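*Asks:* For the record, in the sequence shown the residue sitting at position 288 is 287 according to numbering that gives the first Met the number 0, with numbers rising by one throughout. Using N, Cα and C, we set each Cβ at its ideal position, and we do this for glycine too. Note that the structure is predicted; figures quoted are calculated from it, not measured.
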Amino acid sequence: MLTGICGINWGDEGKGRMVDLLSRDYDVVCRYQGGNNAGHTVVNDRGKFILNLLPSGILREGVVCVMGPGMVIDLKHLVEEMGRLKEGGIAISPENLKISDKAIITMPYNILQDVMEEDRLEKATGKPYGSTRRGIAPVYADKYMKKAFRMGELLNLARLYKRVPDIIDWKNMTIKAYGFQPVKAEDMINYFEVYGKQLAPFVCDTGLFLNDAHANGKNIMFEAQLGALRDIDYGIVPYTSSSSTIAAYAPIGAGVPNLKLDNALGIMKAYSSCVGEGPFTCEYFGKKAEKLREAGGEYGAATGRPRRVGPFDVVASRYGIRCQGADEIALTKLDVLDGYEEIEICTHYELDGKILDEFPFTDVLDDCKPVYETVRGWNKDLSKCRKISDLPKEALDYIRLLEKLCGCKIKYVSVGAERDAYIKMY
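And the structure:
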């Protein structure tokens with residue numbers, strides 16, 4: 000079984016929580032895109048963990064985790080993240096973690112580039128892209144300009160170090176144009192020495208590993224970062240990530256473009272949340288936003304930034320389901336709505352007096368207004384519910400309404416962060 004776990008909306012839907020739960024049925028979990036610009040928060044019987052780079056399956060004993068060639072990897076961040084997990088009692092070795100030799104290395108100067116450009120945009124226009132300032136866009140740009148370093152190069156440092164001066168000369172032309180001091184080749188070599196050598200034992204051809212696993216009947220889960228609306232092609236450009244967050248990309252980003260997914264499980268919250276800049280049609284403000292943000296603990300796992308929040312957005316979710324090709328849905332954080340007697344749902348957008356059913360081109364989103372429908376809340380604690388019959392009628396009605404409006408079956412509903420705090424709907 001090859002299953003993709005993908006975000007339906009703007010990211011932060013709770014993918015890590017669902018990967019941690021469902022990984023019990025899988026032999027391999029593979030991250031296939033992105034870097035440390037987003038986080039997956041997982042709470043289980045071993046504690047609370049925030050993962051930025053490592054697949055969430057690393058918390059499940061017996062699961063082999065893969066970091067695919069579609070990823071960009073900050074060596075320092077990964078070494079430190081692995082160290083924190085080891086301190087928390089999580090075993091990590093080349094036996095249960097394999098890093099693609101084709102994955103791209105995020106360099107310190109990529110982070111500098113990210114910061115310089117966000118600061119320039121803020122000063123020049125007052126409208127930065129809302130980057131996490133972790134070098135993701137610059138390193139993907141380097142990849143497509145064929146001037147990036149790959150993890151496999153850590154296995155031959157002498158050859159790698161010969162490439163460094165030429166790349167640094169090229170990169171410094173950009174850095175000096177921003178008015179910053181040039182970076183030094185010796186500092187970049189030291190970066191490889193200090194952090195690269197620690198990760199070299201984990202580097203291998205993950206494509207071969209995954210193909211062998213598939214041939215031997217192993218179940219493989221592909222874990223995405225962020226959601227459909229942050230995809231570089233289908234998202235709210237330019238307020239997106241710089242990689243493909245789409246489930247169809249999973250085999251490519253994992254290193255097995257010859258394989259096809261059997262199933263795509265889309266993750267979406269029972270309400271909406273969004274980190275960073277860009278259009279967010281159903282956004283709440285003021286006290287309404289504060290109440291929902293506090294109830295949901297809506298602060299970015301990677302950055303700590305307060306997330307923008309709003310009611311469930313049917314228009315955006317239906318678009319995300321289509322982009323992801325989702326076969327079924329996991330609805331997370333339903334319990335966050337426990338304290339509401341009435342719940343709003345954004346069922347349509349209004350643009351220039353016209354009602355929109357379909358998610359429009361990014362350029363007009365700022366002019367769209369949300370059209371709301373109000374339904375009865377349950378105003379009861381759902382945290383102890385473990386089967387459908389435990390749910391109040393109003394909560395079940397809400398689930399079924401979202402299912403109908405979005406046109407996709409909801410298979411799982413989470414009612415808490417803990418591993419067992421969920422209901423299987425069918």
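#1: What are the uninterrupted segments assigned as beta strand (DSSP E) that are 3 or more residues long and contained completely in the stretch 199 to 230, given in chain order?
#2: In the DSSP assignment, what residue or residues form a beta bridge with N109?
#3: For F358, count the other beta carbons within 10 Å of its own beta carbon; 16 or more makes it buried, fewer makes it exposed. Which is it?
#4: Name the DSSP bridge partner or partners of D19?
#5: Looking only at C-alpha atoms, which of A253, R292, K287 and P391 sits nearest to K268?
#6: Here's a check: name, in chain order, each residue in its chain whose Cβ is nearer than 7 Å to the Cβ of P369, leaving out the five neighbours to either side.
#7: With distance defined between alpha-carbon atoms, name the residue in R133, P127, E94 and G87 nearest to N109.
#8: Could you compute how far the alpha carbon of Y421 sits from the alpha carbon of G324?
#9: For the beta strand (DSSP E) that C5 lies in, which residues bound it at each end?
#10: Is it buried or exposed for M220, if we count other Cβ within 10 angstroms and need 16 for buried?
#11: Quick one, which of I103, G285 and G46 has its alpha-carbon nearest L52's?
#12: As a quick exercise: from D44, N189, I89 and F48, pick the residue whose alpha carbon is nearest that of V63.
#13: How should V193 be labelled, buried or exposed, when 16 other C-beta atoms within 10 angstroms of its C-beta is the threshold for buried?
#14: Taking C-beta to C-beta, are T131 and D113 nearer than 9 Å?
#15: Inspect the beta-carbon positions of I7 and G226 and report whether they are closer than 9 Å.
#16: Do you know how far the Cα of A247 is from the Cα of T2?
#17: Assess contact between the stretch 386 to 399 and the stretch 258 to 266, defined as three or more Cβ pairs (one per stretch) separated by less than 8 Å. Is contact present?
#18: Looking only at its own chain, which residues have a Cβ that is under 8 Å from the Cβ of D19, when we skip the five neighbours before and after it?
#19: Nearest CA to the CA of R162: which residue from L400, E185, K175 and E289?
#20: Are the stretch 63 to 77 and the stretch 24 to 39 touching by the rule of at least three beta carbon pairs closer than 8 Å?
#21: Provide the residue(s) that pair with A263 in DSSP beta bridges, ordered along the chain.
#22: Would V363 and L350 qualify as a contact pair, given that the criterion is a beta-carbon distance under 9 Å?
#23: Is S240 near G252, with beta carbons less than 9 Å apart?
#24: Considering only C-alpha positions, which residue in the set V414, R229 and W169 is nearest to A294?
#25: Where does the unbroken alpha helix (DSSP H) through P137 begin, and where does it stop?
#26: Give every residue of the same chain whose Cβ lies closer than 7 Å to the Cβ of Y139, excluding the five residues on either side of it in the sequence, and list them in chain order.
#27: Going by DSSP, which residues form a beta bridge with H347?
#28: Would you kindly check if the distance between the Cβ of G10 and the Cβ of L228 is under 9 Å?
#29: Tell me whether R306 is buried or exposed, calling it buried when 16 or more other Cβ atoms sit within 10 Å of its Cβ.
#30: Starting from Y160, trace the alpha helix (DSSP H) in both directions and tell me its first and last residue.
#31: Hey, would you say T205 sits closer than 9 Å to S99, going by beta carbons?
#32: From G376 to K290, what distance separates their C-alpha atoms?
#33: Can you list, in chain order, the residues of its chain whose CB lies under 6 Å from that of K312, leaving out five sequence neighbours each side?
#34: Taking the alpha helix (DSSP H) that Y190 falls in, what are its first and last residues?
#35: What's the C-alpha gap between H213 and A176?
#36: Would you please state the rounded distance, in angstroms, between the beta carbons of N314 and D356? I believe it to be under 8 Å.
*Replies:* Result, derived from the coordinates:
#1: Listed in chain order, the beta strand (DSSP E) runs fully inside the stretch 199 to 230 are 219 to 226, counting runs of at least 3 residues.
#2: As a first step, residue 109 is located in the sequence shown; it is residue number 110 there, counting from the start. Partner(s): none; N109 has no beta bridge.
#3: As a position in the sequence shown, residue 358 is number 359, starting the count at 1. Classification of F358: buried, given that the 10 Å Cβ count is 16 or more.
#4: As a working mapping, residue 19 is identified with position 20 in the sequence shown. Secondary-structure assignment with DSSP links D19 through no beta bridge to anything.
#5: For the purposes of this step, residue 268 is identified with residue 269 of the sequence shown, where counting begins at 1. Among A253, R292, K287 and P391, the Cα nearest to that of K268 is on R292.
#6: Here the question's residue 369 lines up with position 370 in the sequence shown. Once the five neighbours on either side are set aside, the close Cβ partners of P369 are T280, C281, C345 and Y348.
#7: Looking up residue 109 in the sequence shown gives position 110. Nearest C-alpha to N109 among R133, P127, E94 and G87: R133.
#8: Residue 421 sits at position 422 when you count from the first residue of the sequence shown. Residue 324 sits at position 325 when you count from the first residue of the sequence shown. Cα to Cα, the separation comes out at about 23 Å.
#9: By 1-based counting over the sequence shown, the position of residue 5 is 6. Start and end: L1 to G6.
#10: If you number the sequence shown from 1, residue 220 lands on position 221. Of the other Cβ atoms in all chains shown, 16 or more fall within 10 Å of the Cβ of M220; this residue is therefore buried.
#11: Locating residue 52 in the sequence shown gives position 53, where the first residue counts as 1. Closest option to L52, Cα to Cα, is I103.
#12: The sequence position of residue 63 within the sequence shown is 64, counting from 1. With distances taken between CA atoms, V63 lies nearest to I89 out of D44, N189, I89 and F48.
#13: Within the sequence shown, the letter at position 194 stands for residue 193. Exposed: under 16 other Cβ atoms inside 10 Å.
#14: Within the sequence shown, residue 131 is the residue found at index 132, counting from 1. Within the sequence shown, residue 113 is the residue found at index 114, counting from 1. The answer is yes: Cβ separation under 9 Å.
#15: Locating residue 7 in the sequence shown gives position 8, where the first residue counts as 1. Locating residue 226 in the sequence shown gives position 227, where the first residue counts as 1. In contact: I7 and G226 (Cβ atoms closer than 9 Å).
#16: Working through the sequence shown from its first residue, we reach residue 2 at position 3. Working through the sequence shown from its first residue, we reach residue 247 at position 248. Cα to Cα, T2 sits roughly 11 Å from A247.
#17: The stretch 386 to 399, when compared against the stretch 258 to 266, does not touch it at the 8 Å Cβ threshold.
#18: Within the sequence shown, residue 19 is the residue found at index 20, counting from 1. The beta carbon of D19 lies closer than 8 Å to those of V41, N43, S55, G56, L58, R59 and R418 in the same chain, with the five residues before and after it left out.
#19: Counting from 1 along the sequence shown, the entry for residue 162 is found at position 163. Per the Cα distances, E185.
#20: With the cut-off at 8 Å, the stretch 63 to 77 and the stretch 24 to 39 touch.
#21: Here residue 263 refers to the residue found at position 264 when the sequence shown is read from its first residue. The partner list for A263 (beta bridge, DSSP) reads G3.
#22: Residue mapping note: residue 363 aligns to position 364 of the sequence shown, counting from 1. Residue mapping note: residue 350 aligns to position 351 of the sequence shown, counting from 1. Result yes, Cβ atoms of V363 and L350 sit closer than 9 Å.
#23: The residue you call residue 240 lines up with position 241 of the sequence shown. The residue you call residue 252 lines up with position 253 of the sequence shown. Result no, Cβ atoms of S240 and G252 do not sit closer than 9 Å.
#24: Counting from one through the sequence shown, the residue named residue 294 turns up at place 295. Cα-wise, what sits closest to A294 is V414.
#25: The residue you call residue 137 lines up with position 138 of the sequence shown. Element bounds for P137: I135 to Y143.
#26: Within the sequence shown, the letter at position 140 stands for residue 139. Only V71, S241 and S242 meet the Cβ criterion.
#27: As a working mapping, residue 347 is identified with position 348 in the sequence shown. H347 is bridged to V370.
#28: By one-based count along the sequence shown, residue 228 stands at place 229. By one-based count along the sequence shown, residue 10 stands at place 11. Cβ atoms of L228 and G10: closer than 9 Å.
#29: On the sequence shown, position 307 is the one that residue 306 refers to. With 16 or more other Cβ atoms within 10 Å, it is buried.
#30: Numbered from 1 along the sequence shown, position 161 holds the residue referred to as residue 160. Residues L156 to A176.
#31: Reading the sequence shown from its first residue, position 206 is the one you call residue 205. Reading the sequence shown from its first residue, position 100 is the one you call residue 99. With contacts defined as CB atoms closer than 9 Å, T205 and S99 qualify as a contacting pair.
#32: Numbered from its first residue, the sequence shown carries residue 376 at position 377. Numbered from its first residue, the sequence shown carries residue 290 at position 291. C-alpha separation (whole angstroms): 15 Å.
#33: Residue 312 sits at position 313 when you count from the first residue of the sequence shown. Here the sequence assigns Asp to residue 312, which means Lys is not the residue at that position. Cβ within range, chain order: S271, C281 and C345.
#34: The count along the sequence shown starts at 1 and reaches residue 190 at position 191. Boundaries of the alpha helix (DSSP H) around Y190: A184 to Y190.
#35: Translated into the one-based positions of the sequence shown, residue 213 becomes position 214. Translated into the one-based positions of the sequence shown, residue 176 becomes position 177. Rounded to the nearest angstrom, the two C-alpha atoms are 49 Å apart.
#36: As a working note, residue 314 is residue 315 in the sequence shown. As a working note, residue 356 is residue 357 in the sequence shown. Correcting the residue identity first, residue 314 is Val in this sequence and not Asn. With a Cβ gap of about 7 Å, V314 and D356 count as contacting.
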